[in-house]
Structures are given as C-alpha cells and as structure tokens.
Amino acid sequence: MSNPSLLILAGDGIGPEVMVEVRKIIDWFGSKRDLTIDVTEDLVGGAAYDKHGTPLHDDTMAHAQEVDAVLLGAVGGPAYDDLDFSVKPERGLLRLRKEMDLFANLRPAQCFDALADFSSLKKELVAGLDIMIVRELTSGSYFGEPRGIFEENGERVGINTQRYTESEIDRVARSAFELARKRDNRLCSVEKANVMESGILWREVVTKIGAEDYPDVELSHMYADNCAMQLVRNPKQFDTIVTDNLFGDILSDCAAMLTGSLGMLPSASLGVPMENGKPKAMYEPVHGSAPDIAGQGKANPCACILSFAMALRYSYDEGAEADRLEAAVEKVLADGVRTADLMQAGAAKPANTSEMGDAVIAA
Ligand code: NAI
Ligand code: MG
C-alpha cells in the first residue's frame with residue numbers, strides 16, 4: 001500500500017511559520033512511529049499571486065483533488081488588500097472549498113484545562129469542555145439565488161436567499177451523525193424552524209435520518225438564538241452540533257471564544273468519500289495570516305498542529321496517533337509552556353514558535 005499523501009499550502013504571513021513546526025512533527029511521526037506521509041508543498045493566496053498572478057494555480061487545484069488531504073496555513077495580508085476581488089488571496093481558499101465540494105466544516109471547541117483561565121466564561125463552566133460544531137459550508141444564504149442589490153420602487157434592496165435542498169441537508173446531517181457516534185453519541189440540530197421554511201425542512205430531514213439510520217444517537221433540536229444563549233450559559237450540555245452555513249459561522253466563533261486563544265483552534269472541511277472511503281478533506285487553523293506578528297517568531301503553531309491531528313484522525317485513520325499528538329499539546333500547556341498569545345501581559349518570557357513546536361515533539 002502506498003503512503004498517505006498530504007498537500008501543504010502554507011500561504012501567507014504566519015502560515016509558513018507555523019507550517020515549519022508541523023513539518024517537524026510529520027518527520028517525527030515518520031522516524032518514531034513508522035507513519036510516513038508523502039508531503040508535497042505548493043503556493044496559495046498572496047504567495048501564489050506573486051508567482052503566478054492568481055491566488056490558486058490550476059495545477060495546484062488539480063493536485064488538491066488527488067491527495068488524501070490538504071493542510072492550509074493562512075492567506076492574505078496588507079500587501080494584497082488593494083488587489084482586484086477576483087484575484088484576492090481569499091479567492092484561492094474559496095476555490096479549494098468550492099471545487100473540492102467541502103460541505104461539512106468541523107470546528108471543535110475544546111478547552112484545555114491549563115487554559116481555562118483564558119475563557120470569557122468562568123473556569124468551572126468551561127473546564128473539560130469538548131464540543132464539535134458541524135457547519136454546512138457550501139450552501140444556504142451565502143450561495144442561494146436570487147442575491148444582489150437591486151432597484152425597486154425608487155430605492156435599493158439587498159437580497160440574499162436562504163436555500164437548502166433535501167440532499168444538501170441529508171449529507172451534512174449524516175456527517176454529523178457519524179461524528180456524534182465517534183464522540184458522546186449526542187447530536188443537537190440547530191435552525192429556526194419557528195420562523196423559516198428552510199428550518200422546517202432541515203428539522204424534518206434530520207429527524208427522519210436519525211430515526212431510520214442513527215436510532216442509537218440521541219438527537220435533539222434547538223432554535224439558533226436559544227443555542228447562542230445556551231452556549232454562553234452552560235456550554236457543557238452540548239456534544240455535537242449540526243447547523244447551516246450562516247448560523248454555523250456565528251455559533252462556531254462564539255463557541256471558539258469559550259476556549260481561549262485563536263492560536264489554539266483547528267478546523268477540518270470534509271467532502272464526499274473518495275475511492276479509499278475517506279472524505280475529501282482540507283484542514284486549516286481558524287486564525288488568519290496575523291500580519292501584526294508575522295516574521296517575528298511569535299505565532300502559536302498549536303492551531304495548525306491540532307489541524308494536522310484532525311487529518312490523522314479523519315483522513316488517515318490514525319485516531320490513536322491523533323490522540324497522542326493532542327495529548328502532547330495538552331501536556332506542554334500543563335507544563336506551562338506558552339506562546340505570547342497564551343500569556344497575560346507582562347508575564348514571564350514567552351516561548352517562540354519553534355520552541356513551542358519542539359516542546360510538543362519532546363512531549
Ligand atoms: P488573524 O486571525 O490573522 O489575527 C487576529 C489576531 O489574532 C491578531 O492580533 C493576531 O496576531 C492574533 N493571532 C492569530 N493567529 C495567531 C497565532 N497562531 N498565534 C498568535 N496570535 C495569533 O485575523 P485578522 O487580523 O482579522 O486578519 C489578518 C489577515 O488574515 C487578513 O488579510 C485576513 O483577510 C486574513 N485571514 C485569513 C484567514 C484564512 O486564511 N483562513 C482567516 C481570517 C483572516
Ligand atoms: Mg467567521
């Protein structure tokens with residue numbers, strides 16, 4: 001059998017800096033755990049624009065379709081802010097998501113005990129928190145037609161359409177049920193069926209799939225506004241949450257801040273299964289290119305390292321190795337190793353990016 005493959009697109013700003021640490025970890029798995037991953041690297045975002053005049057070269061796109069997983073750093077930065085919309089760095093990212101049809105965006109919100117003080121909530125509300133939010137990523141109000149700004153009765157009207165087909169709901173719901181099964185077997189489906197027809201259909205489809213194919217998973221339903229309240233009132237009541245594109249965008253950011261720093265947050269975007277049965281997949285830290293700290297060795301590499309851990313789990317069937325890597329990050333934090341973003345101002349000298357990577361490898 002051939003080795004699992006990974007396409008690394010480090011991108012801009014701190015993307016390449018945090019990716020150096022992931023490369024060290026990939027090498028460690030190769031030499032110490034007999035897990036060899038065939039890595040190729042290419043350009044995305046501003047870096048690709050500088051070389052090719054486009055934020056994602058067609059050859060890169062084609063290669064992304066063939067590998068077992070893509071790991072992306074971050075794109076964008078002030079140097080590219082004035083570019084035409086069609087070649088902006090973000091377009092490279094959106095093209096990958098769209099053409100790979102990555103419809104299920106997984107955003108874990110997990111609170112490492114050592115960082116519970118960083119939460120915007122009281123420590124006891126978040127210690128041990130472990131939520132997985134599954135956001136539908138390729139449909140809903142960000143894509144629905146009609147959309148645009150139109151003239152009507154002498155004034156302008158801005159229109160977006162919240163639109164979901166049964167099959168779009170079906171596939172993201174199944175991804176979420178499968179995930180819930182691997183976790184605490186509880187799924188909360190979130191919409192606003194009280195005021196939106198798309199929500200009524202969403203609830204019907206999810207309920208039917210649950211009854212027919214996942215009777216072992218405990219299914220509940222919640223309105224999105226209540227879910228926002230419950231996330232800040234008692235977040236530990238949730239295990240897996242599935243919701244649409246717009247609500248998922250907001251609720252996943254809300255849940256993320258329960259856990260502390262942007263520098264700790266990974267994500268995965270999954271599509272339909274490939275021939276090997278694994279979904280098409282792209283993994284990326286939630287943070288951006290952080291131009292304010294780029295080039296200074298200050299970036300926390302953990303979000304990207306934990307994104308690679310998700311690749312181990314969901315693309316390479318190496319759940320035990322994913323656990324090993326996540327436990328190493330947890331140990332490093334418990335030992336008090338901190339990049340600057342994980343410290344109160346004026347505290348002891350922070351670890352730099354490579355010291356953090358080295359500490360994870362040592363752990
Ligand atoms: P950002 O996530 O890059 O930075 C927000 C703040 O968090 C900054 O103060 C930054 O220093 C800090 N931060 C972020 N990641 C960190 C890490 N790993 N370690 C330590 N501190 C970290 O978001 P911002 O400033 O809104 O956007 C900057 C650029 O990144 C823009 O060009 C934006 O378009 C792009 N961006 C790209 C994303 C992506 O590639 N997925 C996502 C978000 C923004
Ligand atoms: Mg967002």
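Going by UniProt numbering, the sequence shown opens with residue 1, and the numbers climb by one from there. Glycine included, every Cβ here is placed at the ideal spot set by N, Cα and C.
Item: Mark LYS349 as exposed unless 16 or more other C-beta atoms lie within 10 angstroms of its C-beta, in which case mark it buried.; Value: exposed
Item: Any chance the CB of GLY77 is under 7 Å from a heavy atom of ligand 1?; Value: yes
Item: Straight-line CA distance for CYS111 to ARG186?; Value: 19 Å
Item: What residues match up with THR243 in a beta bridge as DSSP calls it?; Value: ARG135, VAL190
Item: On the criterion of 16 or more Cβ atoms from any shown chain inside 10 Å, does residue 402 qualify as buried, or is it exposed?; Value: This structure cannot settle anything about residue 402, because the visible part of the chain is limited to 1 through 363.
Item: Pick out whichever of GLY277, ALA311, VAL22, GLU66 has its Cα sitting closest to the Cα of SER267.; Value: ALA311
Item: Can you round the beta-carbon distance between ARG135 and ARG107 to whole angstroms, since I take them to be within the 8 Å contact cut?; Value: 7 Å
Item: Shorter than 7 Å, the distance from the beta carbon of VAL18 to the closest heavy atom of ligand 1, or not?; Value: yes
Item: Keeping to the same chain, check which residues put their C-beta closer than 7 Å to that of LEU121; ignore five residues upstream and five downstream.; Value: VAL232, LEU258
Item: What is the residue span of the beta strand (DSSP E) that HIS221 lies within?; Value: 218-223
Item: Would you check if the distance between the CB atom of VAL360 and the CB atom of ILE25 is smaller than 8 Å?; Value: yes
Item: Ligand 1 and ILE14: does the residue's C-beta get closer than 7 Å to at least one heavy atom of that ligand?; Value: yes
Item: Evaluate PRO78 with the Cβ neighbour count: other Cβ atoms within 10 Å of its Cβ, from every protein chain shown; 16 or more gives buried, anything less gives exposed.; Value: exposed
Item: Run the CB neighbour count on ARG33, radius 10 Å, all protein chains shown included, and call it buried at 16 or more, exposed below.; Value: exposed
Item: Cβ atoms of LEU35 and GLU321: under 8 Å apart, would you say?; Value: yes
Item: At a threshold of 7 Å, does ILE293 count as lining ligand 1 (C-beta to nearest heavy atom)?; Value: yes
Item: Using CA coordinates, which residue listed in ILE14, ASN234, ALA64 is at the minimum distance from ASN352?; Value: ILE14
Item: Using a Cβ-Cβ cutoff of less than 8 Å, which residues in the same chain neighbour HIS52 once the five nearest sequence positions on both sides are dropped?; Value: LEU43
Item: Can you tell which of GLY92, ASP249, GLU166, GLU275 has its C-alpha closest to the C-alpha of LEU72?; Value: GLY92
Item: From this set, ILE8, PRO291, ILE250, which residue's C-alpha is nearest ILE37's C-alpha?; Value: ILE8
Item: Let me check one thing: in DSSP terms, what residues is LEU9 bridge-paired to?; Value: ASP42, LEU72
Item: What are the complete alpha helix (DSSP H) segments, minimum 4 residues, inside the stretch 239-317?; Value: 245-256, 302-314
Item: Taking the alpha-carbon positions, what's the ASP170 to ASN276 distance?; Value: 22 Å
Item: Whose C-beta lies closer than 8 Å to the C-beta of ALA193 among residues of the same chain, with five residues either side of it excluded?; Value: GLY199, ILE200, TRP202, ARG203, HIS221, TYR223
Item: Could you please give me the residues that DSSP links to THR339 through a beta bridge?; Value: ALA351
Item: Are the beta-carbon atoms belonging to VAL75 and SER5 less than 8 Å from one another?; Value: no
Item: When you compare the CB positions of GLU21 and ILE305, do they come within less than 8 Å of one another, or not?; Value: yes
Item: Report yes if the CB atom of VAL126 is closer than 8 Å to the CB atom of PRO16, and no otherwise.; Value: no
Item: Where TYR316 and GLY11 are concerned, what is the direct C-alpha to C-alpha distance, given to the nearest angstrom?; Value: 23 Å
Item: Could you tell me how far apart the beta carbons of HIS287 and LEU262 are, in whole angstroms, since I believe they sit closer than 8 Å?; Value: 4 Å
Item: What three-state label does DSSP hand GLY53 in the structure shown?; Value: coil
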